[in-house]
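J.:
Number of protein chains: 6
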Amino acid sequence: MEDLTHFNESGRARMVDVSGKHDTMRVAVAAGTIHVLPATFERIIGGHMKKGDVLGVAQVAGIMGAKATSSVIPMCHPLLLTQVDIDYKLDNSKDANGYCSITATATVGVTGQTGVEMEALTAVSICLLTIYDMSKAIDKGMYITNLGLLSKEGGKSGDFTNPHIEAMHRG
Amino acid sequence: MEDLTHFNESGRARMVDVSGKHDTMRVAVAAGTIHVLPATFERIIGGHMKKGDVLGVAQVAGIMGAKATSSVIPMCHPLLLTQVDIDYKLDNSKDANGYCSITATATVGVTGQTGVEMEALTAVSICLLTIYDMSKAIDKGMYITNLGLLSKEGGKSGDFTNPHIEAMHRG
Amino acid sequence: MEDLTHFNESGRARMVDVSGKHDTMRVAVAAGTIHVLPATFERIIGGHMKKGDVLGVAQVAGIMGAKATSSVIPMCHPLLLTQVDIDYKLDNSKDANGYCSITATATVGVTGQTGVEMEALTAVSICLLTIYDMSKAIDKGMYITNLGLLSKEGGKSGDFTNPHIEAMHRG
Amino acid sequence: MEDLTHFNESGRARMVDVSGKHDTMRVAVAAGTIHVLPATFERIIGGHMKKGDVLGVAQVAGIMGAKATSSVIPMCHPLLLTQVDIDYKLDNSKDANGYCSITATATVGVTGQTGVEMEALTAVSICLLTIYDMSKAIDKGMYITNLGLLSKEGGKSGDFTNPHIEAMHRG
Amino acid sequence: MEDLTHFNESGRARMVDVSGKHDTMRVAVAAGTIHVLPATFERIIGGHMKKGDVLGVAQVAGIMGAKATSSVIPMCHPLLLTQVDIDYKLDNSKDANGYCSITATATVGVTGQTGVEMEALTAVSICLLTIYDMSKAIDKGMYITNLGLLSKEGGKSGDFTNPHIEAMHRG
Amino acid sequence: MEDLTHFNESGRARMVDVSGKHDTMRVAVAAGTIHVLPATFERIIGGHMKKGDVLGVAQVAGIMGAKATSSVIPMCHPLLLTQVDIDYKLDNSKDANGYCSITATATVGVTGQTGVEMEALTAVSICLLTIYDMSKAIDKGMYITNLGLLSKEGGKSGDFTNPHIEAMHRG
């Protein structure tokens with residue numbers, strides 16, 4: 001069985017040595033969905049025009065979250081992110097619980113010795129948690145699903161697309 | 001329609017004024033699930049005995065994540081957390097994609113003027129993202145689902161149990 | 001001459017001992033102004049309706065800045081802020097350099113043993129610096145003036161209003 | 001009208017993509033002034049010799065503030081600062097309110113894909129706020145003015161000198 | 001054998017539940033020594049009068065380090081520190097390696113549900129590491145010894161004095 | 001007498017200008033020892049097999065501490081660490097106070113314009129303080145000694161080995 005690289009010979013965690021790797025341009029895209037009551041959904045999509053822009057606050061939180069990744073995920077390397085962006089897809093169709101959904105997709109770039117998958121995933125997580133926080137006064141039953149890596153480019157292991165996450169979000 | 005309290009009269013975000021609320025003892029419990037390949041699952045459950053304790057690192061990350069909540073979620077109040085704990089449920093039954101699952105449940109307590117839902121949710125998120133990070137060398141297709149608030153106690157709005165999240169995790 | 005309380009008997013900096021002080025409810029209000037080219041001004045005031053809400057991002061930054069105060073100002077006590085809010089006053093009249101102005105006013109509250117003047121001042125500073133950052137692609141000559149404490153309530157030293165800052169901002 | 005680059009096509013904030021830019025050596029210089037009562041002024045300038053070095057503490061705060069920039073200004077890129085320094089100019093002439101002035105000038109350098117204007121401005125802001133904090137026990141009416149970018153070198157947009165800020169500080 | 005309270009029933013780390021404990025006034029005092037070459041020693045003690053105040057910078061770092069404790073020590077509770085102070089004892093007598101010594105003693109106070117031993121120890125550590133950093137251009141062989149808790153007051157377990165650490169520092 | 005480079009011409013602290021230095025691969029190794037009661041020692045070495053892995057938590061804390069170095073040590077440059085690892089040596093022989101010892105050795109690597117001595121020393125410090133924190137419920141008399149730099153490679157000043165620290169740890 002393949003080894004987890006994040007452990008040393010004593011079986012203890014380490015930050016993997018990437019000093020032998022070349023700087024390459026890398027991009028990672030992650031996505032996740034928060035499910036909200038229809039009334040919350042209406043309230044959120046109204047925000048950009050009227051007053052109270054939940055998604056605007058979540059956007060800022062997600063971008064700052066990407067930058068905080070190496071502070072909160074123990075074995076992540078610090079990286080000089082060159083871009084962070086987040087997009088939303090709003091879907092008022094209802095799931096089995098009668099909830100609508102908001103999907104956030106984060107794109108993160110770097111020129112460096114290791115990739116930015118964790119930065120993209122952290123950006124989406126903090127973004128969705130902020131939507132929860134801003135809306136929880138009227139809706140405590142929201143839940144997050146389908147959080148995963150859509151694709152990555154660059155680096156030694158090459159390009160990657162995740163069919164399961166694609167099926168969840170791009171299908 | 002009820003207002004989102006996190007916005008001021010100009011429709012801009014604010015940190016809600018809780019100065020008139022009493023200090024009460026509060027506990028929040030949140031949970032979420034990460035889905036991993038069976039080989040990854042075997043590798044992770046072996047960690048506690050052998051070498052490379054993925055869940056041990058994720059535990060530390062989740063607890064530190066709870067403490068970082070008011071730094072990463074923009075409108076969260078700083079709070080003096082009195083307890084943070086995380087438990088795991090490991091399930092080797094396979095979902096539709098053939099993935100096993102690890103569920104993390106975080107319990108956070110405080111005596112304060114506002115609740116710790118966000119701290120419990122953030123603890124679970126950072127914990128699961130760390131499992132992803134520690135395992136991604138052998139498995140990039142992992143995904144997180146069913147992240148939500150199981151229950152909260154204390155505070156003016158009283159106790160709360162979330163039937164949807166309960167059905168997902170306690171069913 | 002009165003002593004600066006932030007120094008110990010050896011003349012070295014310390015965090016003042018406030019352990020003998022009672023918890024009281026305190027509020028501080030600070031303000032500051034950024035001066036921007038008329039074209040930048042038009043671009044910013046258009047943001048809330050159209051696309052690109054500079055003040056919305058600055059609002060989030062200022063509120064998070066208030067929470068970061070005890071991390072960036074060396075002798076500040078950590079405090080459990082109970083409220084943070086920021087308001088803007090937009091003035092298209094031109095100063096001697098032909099610049100319009102945006103004034104941010106931050107209100108911060110706490111129930112604690114020491115006041116929140118620094119939190120209010122830091123919120124305004126970070127808010128205005130964020131406006132600068134978001135607009136600097138089209139205007140590098142912006143400048144900040146009249147940053148000071150408008151008023152404080154609560155605490156042993158009692159209420160305080162600053163006539164100079166009032167004259168600058170409320171005149 | 002020129003676009004603010006810090007917004008994406010949906011009009012939401014993003015961290016600008018600088019991945020196509022070359023690493024160049026860049027320096028930015030910013031300055032700002034805090035106005036203090038003559039008695040506070042005397043107390044501060046006495047500090048370096050006697051006991052209680054306000055400017056020494058502010059120097060450390062400002063340098064650490066430069067390093068914290070990408071954590072507190074939402075859309076700032078993380079950067080590997082290669083130098084940070086702060087100088088003071090003390091002026092006991094009195095302004096219209098009878099206040100003396102202390103001007104802090106921060107010089108920040110980097111070799112990177114984007115500039116360090118925000119780092120220099122943040123260093124000055126945190127430095128001056130720390131002077132305020134250390135002195136506020138004897139003087140709550142201090143105020144900050146003329147905070148802006150004096151000059152920048154390097155980068156695609158070339159060198160820049162700000163005549164308004166120069167007139168304020170170098171005149 | 002007594003249990004380590006920082007582990008839960010599954011043997012995984014947790015932040016201990018202190019919600020049942022009363023707020024009491026607590027003080028902890030820790031100390032540690034850095035050993036430096038005589039030439040470095042002379043350079044450091046000269047700093048307060050002349051130029052380059054190593055101990056002044058270390059003082060600020062130690063105080064900020066106390067406030068950062070719950071961010072860097074995983075199971076530490078966040079606390080509202082009410083005082084932090086650091087004192088130095090300079091000793092030019094030479095140890096077996098011919099090194100002089102500088103001892104830093106940190107005093108930290110809180111009114112809270114748990115003690116501040118870790119905050120005092122962290123303050124001393126960061127303070128001494130900063131002395132190392134500021135002096136390492138002329139002396140890379142410095143070393144730190146005798147870092148421990150001198151005493152603590154308050155809390156359920158009562159007052160405590162450490163004879164070994166006392167013998168090291170107060171003897 | 002050689003000058004401390006961390007001060008400017010006014011004698012105030014600065015972050016040294018390294019912009020003229022080349023990127024080179026650098027590694028630093030630091031070590032330190034915590035002395036614990038025999039009962040605590042037994043409890044800690046049992047942790048990896050049974051339940052309650054003190055050294056596992058300390059490992060994570062130390063690695064995250066390395067990444068936090070430029071945030072807590074005022075004049076440290078931010079750096080893109082390429083590796084961090086920590087090893088332990090457990091010694092049940094008793095010192096003069098009857099204490100056993102645990103030595104942590106941290107290895108930190110970077111490709112950059114300045115070295116990682118402080119990152120290695122900070123990793124060891126935070127690691128040992130975490131062992132203290134996890135064990136202090138049963139042992140408050142622990143103390144840390146022999147914390148210093150074992151060796152560094154790379155950079156203009158070349159390789160360095162510290163005979164005093166070597167004698168302490170490798171003897």
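Protein chains in written order, with the numbering used here: chain A, 1 to 171; chain B, 1 to 171; chain C, 1 to 171; chain D, 1 to 171; chain E, 1 to 171; chain F, 1 to 171. Yeah, the Cβ is synthetic: ideal placement off N, Cα and C, and Gly gets one too.
So if I threshold CB-CB distances at 8 angstroms, which residues from the region 50 to 82 of chain A count as touching chain C?
T.: Answer in chain order: Asp53, Gly56, Val57, Val60, Ala61, Met64.
J.: Using the Cβ count rule (16 or more neighbours within 10 Å means buried), how would you classify C/Met49?
T.: Reliability of the predicted coordinates at C/Met49 is poor, the pLDDT of 46 falling under 50, and no value is obtained from them.
J.: Between which residues of its own chain and D/Gln83 is the CB-CB distance below 6 angstroms, once the five residues before and five after are set aside?
T.: Excluding sequence neighbours, D/Gln83 sits near Gly109.
J.: What residues of chain A sit near F/Val84, judged by a beta carbon separation below 8 angstroms?
T.: Simply Arg14, Met15.
J.: Would you mind working out which of B/Thr24, B/Val29, B/Val18, B/Met25 sits nearest C/Met25, comparing C-alpha positions?
T.: Per the Cα distances, B/Val18.
J.: Can you give the Cα-Cα distance for E/Asp139 and F/Leu149, rounded to whole angstroms?
T.: If I take the Cα positions, the gap works out to 11 angstroms.
J.: Leaving out five residues before and five after D/Ala58 in sequence, what residues of the same chain have Cβ atoms less than 6 angstroms from its Cβ?
T.: So the list reads Cys127, Thr130, Ile131, once near-sequence residues are dropped.
J.: Return the CA-CA distance between F/Ser157 and F/His6, expressed in angstroms with no decimal places.
T.: Computed Cα separation, rounded: 16 angstroms.
J.: Output yes or no for whether 8 angstroms exceeds the beta carbon distance between C/Met142 and C/His35.
T.: Closer than 8 angstroms, so yes.
J.: Please go through the region 63 to 137 of chain B and give each complete beta strand (DSSP E) segment of 3 or more residues, from N-terminal end onward.
T.: The region 63 to 137 of chain B contains these whole beta strand (DSSP E) runs: 81 to 91, 100 to 112.
J.: Where does the unbroken alpha helix (DSSP H) through A/Thr40 begin, and where does it stop?
T.: That run of the alpha helix (DSSP H) goes 38 to 45.
J.: Who are the Cβ neighbours of E/Phe41 in its own chain at under 7 angstroms, not counting the five residues just before and after it?
T.: Excluding positions up to five away in sequence, the list reads Asn92, Cys100.
J.: 8 angstroms is my cut-off, CB to CB: does C/Ala104 come that close to chain D?
T.: False, the Cβ-Cβ gap to chain D never drops below 8 angstroms.
J.: With a threshold of 16 other CB atoms inside 10 Å of the CB of C/Pro74, please say whether the residue is buried or exposed.
T.: C/Pro74 should be labelled buried.
J.: Nearest chain E C-beta to B/Leu150 closer than 8 angstroms, yes or no?
T.: It does not: the Cβ of B/Leu150 has no partner Cβ on chain E nearer than 8 angstroms.
J.: Buried or exposed for E/Glu117, going by 16 or more other Cβ atoms inside 10 Å?
T.: E/Glu117 comes out buried.
J.: Cβ of D/Ser157 less than 8 angstroms from any chain A Cβ?
T.: No - not a single Cβ of chain A is within 8 angstroms of the one on D/Ser157.
J.: Which chain D residues are close to A/Asp179, counting only those with a beta carbon under 7 angstroms from its beta carbon?
T.: The requested residue 179 of chain A does not occur in the structure, where chain A is confined to residues 1 to 171.
J.: Here's a check: name, in chain order, each residue in its chain whose Cβ is nearer than 8 angstroms to the Cβ of D/Thr122, leaving out the five neighbours to either side.
T.: Hits under 8 angstroms: Gly65, Ala66, Ala68, Thr69, Val72, Ile73.
J.: Got a sec? Which residues, its chain only, sit under 6 angstroms from A/Thr114 by beta carbon, not counting five neighbours each side?
T.: So the qualifying residues of the chain are Val18, His77.
J.: Which residue wins for smallest C-alpha separation from E/Val54, given the options E/Asp133, E/Gly155, E/Lys152, E/Asn162?
T.: Nearest option by C-alpha distance: E/Asp133.
J.: Could you tell me which residues DSSP pairs with B/Glu153 in its beta bridges?
T.: B/Val27, per the DSSP bridge assignment.
J.: Restricting to Cα atoms, I'd like to know which of F/Leu37, F/Ile44, F/Leu90, F/Gly56 is closest to F/Ala31.
T.: Cα-wise, what sits closest to F/Ala31 is F/Leu90.
J.: Using the C-alpha atoms, what's the distance from E/Val60 back to F/Met1?
T.: Because F/Met1 carries a pLDDT of 45, less than 50, the predicted location of this residue cannot be relied on, and the following value inherits that uncertainty. F/Met1 and E/Val60: Cα-Cα distance of roughly 26 angstroms.
J.: Closer than 6 angstroms by C-beta to D/Gly154: which residues in its own chain qualify, once you throw out the five before and the five after it? Chain order, please.
T.: Thr24, Met25, Arg26.
J.: Per DSSP, what are the beta-bridge partners of E/Leu147 in this structure?
T.: Beta-bridge pairing links E/Leu147 to F/Ile144.
J.: Output yes if chain A places a C-beta closer than 8 angstroms to the C-beta of D/Asn8; else output no.
T.: Closer than 8 angstroms to some Cβ of chain A, the Cβ of D/Asn8 qualifies, so yes.
J.: In whole angstroms, what separates the C-alpha of B/Asp87 from that of E/Gly62?
T.: Rounded to whole angstroms, B/Asp87 to E/Gly62 spans 35 angstroms at the Cα level.
J.: Taking 8 angstroms as the threshold (beta carbon to beta carbon), is D/Asp87 in contact with chain F?
T.: For D/Asp87, the answer is yes, since a Cβ of chain F falls inside 8 angstroms of its Cβ.
J.: Beta-carbon within less than 8 angstroms of D/Val124's beta-carbon, same chain only, minus the 5 sequence neighbours each way: which residues are those?
T.: Result list for D/Val124: Ala30, Ala31, Gly32, Gly62, Ile86, Ala104, Thr105, Ala106, Leu147, in chain order.
J.: Return the first residue and the last residue of the alpha helix (DSSP H) that E/His22 is part of.
T.: First-last for E/His22: undefined, no H or E at that position.
J.: In this structure, does DSSP put A/His35 in helix, strand or coil?
T.: Three-state result, A/His35: strand.
J.: Does any C-beta atom of chain D lie closer than 8 angstroms to the C-beta of C/Asp133?
T.: Yes, C/Asp133 counts as interfacial toward chain D.
J.: Just to confirm the assignment, what range does the alpha helix (DSSP H) spanning C/Met15 have?
T.: Per DSSP, C/Met15 belongs to no alpha helix (DSSP H) and is neither H nor E.
J.: Quick one: does C/His169 have its CB under 8 angstroms from some CB of chain A?
T.: With 8 angstroms as the cut-off, C/His169 does not count as an interface residue toward chain A.
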